[in-house]
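Residue 270 is where the sequence shown ends in this note's numbering, and the numbering goes up by one at each step.
The beta-carbon is built from N, C-alpha and C at its ideal position, and this holds for glycine as well.
Since the structure is predicted, the reported quantities are computational estimates derived from the model, not experimental observations.
Presented below is the structure to which this report refers.
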Amino acid sequence: MLNDKVALITGSTSGIGLGIAHELANQGCKIMLNGFGDPLEIDAIREAIETKYSVEVQFLGADLGHSVEATELIEETEAAFGRIDILVNNAGIQHVSPIEAFPIEKWEDIININLSAAFYTIRAALPKMREKGWGRIINVASAHGKVASVNKAAYVAAKHGIVGLTKVVGLETAQENITCNAICPGWVKTPLVEKQIDTIAEREGISVDEASRKLLGDKQPSMRFVSPEEIGAMAVYLCSEVASNVTGTAISIDGGWTAQ
Ligand code: NAD
């Protein structure tokens, strides 16, 4: 159990981040949600987690594309709960395009949100974890943190970058009661991937189900999507005491994608 630990999960209004928020709340963590969305829907998400697990849940809408907001998110989480024990850098976006047509602003957005934001939040959160003598940092990278695919220049660069950042933070905290690890999922059926499935279906004139099978068949030998709950369970393990010597790693949960 992680009773009364305070966990900030960026990008937790949807998909993987929301799955991680549920699993950490189930362990007794107080939760700070973050991300975009309709305010009423976000409040319903917040209340549902609070009621289901009897833990305090709050929300901050910081835009992680901006360094100041990313840093303030840490300060405001500490102000709200008095501490920050677990930081999950999960917020991310995707854009798919050949490099010569890749819009410069998309490159900048992806590098800012998927990579630089984690640097800003870790930089601000580490001193607070050191003060309390305990901390867990989890960066949600991707199979694309280990291998590449065509047309994903910014995403693959950012995800390889966050795996490198994870190693550095793991080394810099190795003798403290703080760990930093990356989780590297394969395909997870979230809005980020559903958009890519719809594009395949449209481009090839096939159904969404056929497009899903094609997406999996190209990369993921298990032929099954990873679930947000499975990733949440891995986050719980990384936060547990038995994982105190697991640091600086990039752990795959990808149905065999990167074994090929
Ligand atoms: P998603 O689109 O369901 O969720 C993304 C979350 O990030 C949302 O809560 C969104 O509001 C938030 N977000 C986006 N831009 C933001 C910003 N500027 N500031 C704050 N929050 C912002 O996507 P997902 O698939 O759950 O992705 C979550 C993470 O998992 C991403 O880092 C993604 O790269 C990674 N990932 C996803 C898959 C997959 O197959 N879905 C695979 C590997 C890794």
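- Pairing residue 155 with residue 100 gives a Cβ-Cβ distance that is not under 8 Å.
- With 16 or more other CB atoms across the displayed protein chains lying within 10 angstroms of its CB, residue 33 is buried.
- Assignment of beta strand (DSSP E) within the segment 57–144, counting only whole runs of 3 or more residues, yields 67–70, 96–99 in chain order.
- Comparing C-alpha distances from residue 77 to each of 124, 228, 261 shows the shortest one belongs to 124.
- Annotated three-state conformation of residue 194 is strand, per DSSP.
- Looking from the CA of residue 75, the closest CA among 234, 135, 130, 67 belongs to 130.
- If you look at residue 225, you'll find it in the alpha helix (DSSP H) that goes 218–229.
- Rounded to whole angstroms, residue 143 and residue 53 show a C-alpha spacing of 32 Å.
- Closer than 7 Å to some heavy atom of ligand 1: that describes the Cβ of residue 124.
- According to DSSP, residue pairing for residue 148 in a beta bridge involves 98, 191.
- Here the C-alpha atom of residue 228 lies approximately 18 Å from the C-alpha atom of residue 194.
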